[in-house]
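Chains as they are written, first to last, in my numbering: chain W, 112 to 308; chain U, 112 to 308. C-beta: ideal position from N, C-alpha, C; glycine also. One structure is given below, encoded as structure tokens.
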DNA sequence: ACTTATCGTAAGCGAATACTTACATTATGA
DNA sequence: TCATAATGTAAGTATTCGCTTACGATAAGT
């Protein structure tokens, strides 16, 4: 009878644009008017796709993780070097970390944790990032054998922190590209391997 | 003749209150009306002390570093254990990191770097934090002797990152207090000492 | 062809917010 | 005591922003 519902597809098309806008402008500066303009639609139709601005932002946060996860899957699939998966991921991030330009969304999210829905989305995102990294560390260490310290979970948090400062120093121009690369490569592998007992 | 100018003193009195407000509410939610109310004055007089809201925020950012620096000076002065200065600072932060409640200001600042003045203030703040930590690492390693890797500057960034995730995980409830403590103690000392060649 | 729900356009509305203006009051030093 | 500038009070304003409403256009299945 009527036209078929393309809502889902439309959402998928627009999220990358919206995420980019939130990344570049932050949560408040990314007004619904600007979001609509970038999407080349009227505000109205954004509100048909998401309940409110908050929901658009939550979708953007999810998109940040999804984007990274997809990239990592690709790297892991490409495989067969002499380097292990964790080392390959680390090397990749050393080169390309932050290239998507999406990470500032995280900064924006951190100052909007008053909103329960945003807080929840941030919580989920960080948990996923941490869980993934932790898993990689564990597998890497298992391969190598021998007891290692500190705990993989702690090292995973430290690596997440590494990503964070990398973003910050990029944003503020405190580290050059090669500096960030060395940061990932040297400190990253220290955390990955830990200290053999 | 007229009344003496107490502007400077007034600023010093109000900054802690304003900083706390920015920390709790973020930059945008901390409206000038709310700031004034917390300070128990009218908006008007805030505008006599600072050019605009941006200037209030910049002052709050400076206050964050100042607060930490003062605390650290105290710790360093208290001294004479068997533990070195760097180790004492690390142990202190492991216990008390984030207690001031001021750190969320940093999150707020990170999504306001579009404003050149705020960006500059954030840049200065991070440089100072990093410089201080780097110095501590260097002195610690000199005491111990022997060549160490990775570079102190890189490890300093990693420790700054550690502080960051500590804040984030506190904010989002992703790590318990004891988890944060172990994070500082274990990963912190790994980064402090580095890997002896 | 005709019904029906999706898609697009345009305008507007109430609330909030950064900042201002005008004016009354106070306390100081000569 | 008196001029002077600091301190406080109150109200207002222009703008912005999130969100809504009303309506016309489009495209599908029967």
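{"Query": "Using only CA atoms, which one of U/273, U/265, U/282 lies nearest to residue 286 of chain W?", "Result": "U/265"}
{"Query": "Within 8 Å (strictly less), CB to CB, does residue 247 of chain W reach chain U?", "Result": "no"}
{"Query": "In terms of residue numbering, what span does the alpha helix (DSSP H) encompassing residue 268 of chain W cover?", "Result": "263 to 283"}
{"Query": "Please list, in chain order, all residues of the same chain as residue 292 of chain W whose beta carbon is under 7 Å from its beta carbon, the five residues on each side excluded.", "Result": "205, 206"}
{"Query": "So, is residue 215 of chain U buried or exposed, given that buried needs 16 or more other C-beta atoms within 10 angstroms?", "Result": "buried"}
{"Query": "May I have the straight-line CA-CA distance separating residue 255 of chain U from residue 267 of chain W, to the nearest angstrom?", "Result": "28 Å"}
{"Query": "Under 8 Å by Cβ, that's how I've got residue 272 of chain W and residue 283 of chain U pegged, so tell me the actual separation to the nearest angstrom.", "Result": "Not quite, the Cβ-Cβ distance comes to about 14 Å (not below 8 Å), so this is no contact."}
{"Query": "With a threshold of 8 Å between beta-carbons, can residue 261 of chain W be considered close to chain U, or not?", "Result": "yes"}
{"Query": "Contact criterion: CB-CB distance below 8 Å. Does residue 279 of chain U meet it with respect to chain W?", "Result": "yes"}
{"Query": "Keeping to the same chain, check which residues put their C-beta closer than 6 Å to that of residue 196 of chain U; ignore five residues upstream and five downstream.", "Result": "187"}
{"Query": "Kindly indicate the opening and closing residues of the alpha helix (DSSP H) around residue 242 of chain W.", "Result": "227 to 255"}
{"Query": "Considering only their Cβ atoms, is the gap separating residue 143 of chain U from residue 160 of chain U smaller than 8 Å?", "Result": "no"}
{"Query": "What is the DSSP secondary structure of residue 152 of chain W, reduced to helix, strand or coil?", "Result": "coil"}
{"Query": "Closest to residue 217 of chain W by CA distance: which of W/120, W/132, W/145 is it?", "Result": "W/132"}
{"Query": "Which first and last residues belong to the alpha helix (DSSP H) in which residue 119 of chain U is found?", "Result": "118 to 140"}
{"Query": "Using only the alpha-carbon positions, how far apart do residue 212 of chain W and residue 134 of chain W sit?", "Result": "7 Å"}
{"Query": "Tell whether a beta-carbon distance below 8 Å holds between residue 301 of chain W and residue 247 of chain W.", "Result": "no"}
{"Query": "Look at the alpha carbon of residue 278 of chain W and the alpha carbon of residue 141 of chain U, and state the distance between them as a whole number of angstroms.", "Result": "25 Å"}
{"Query": "Do the CB positions of residue 138 of chain W and residue 223 of chain W come within less than 8 Å of each other?", "Result": "yes"}
{"Query": "According to the neighbour-count rule (16 or more other Cβ atoms, all chains shown, within 10 Å of its Cβ), is residue 123 of chain W buried or exposed?", "Result": "exposed"}
{"Query": "Tell me, please, whether the CB atom of residue 297 of chain W is closer than 8 Å to any CB atom in chain U?", "Result": "yes"}
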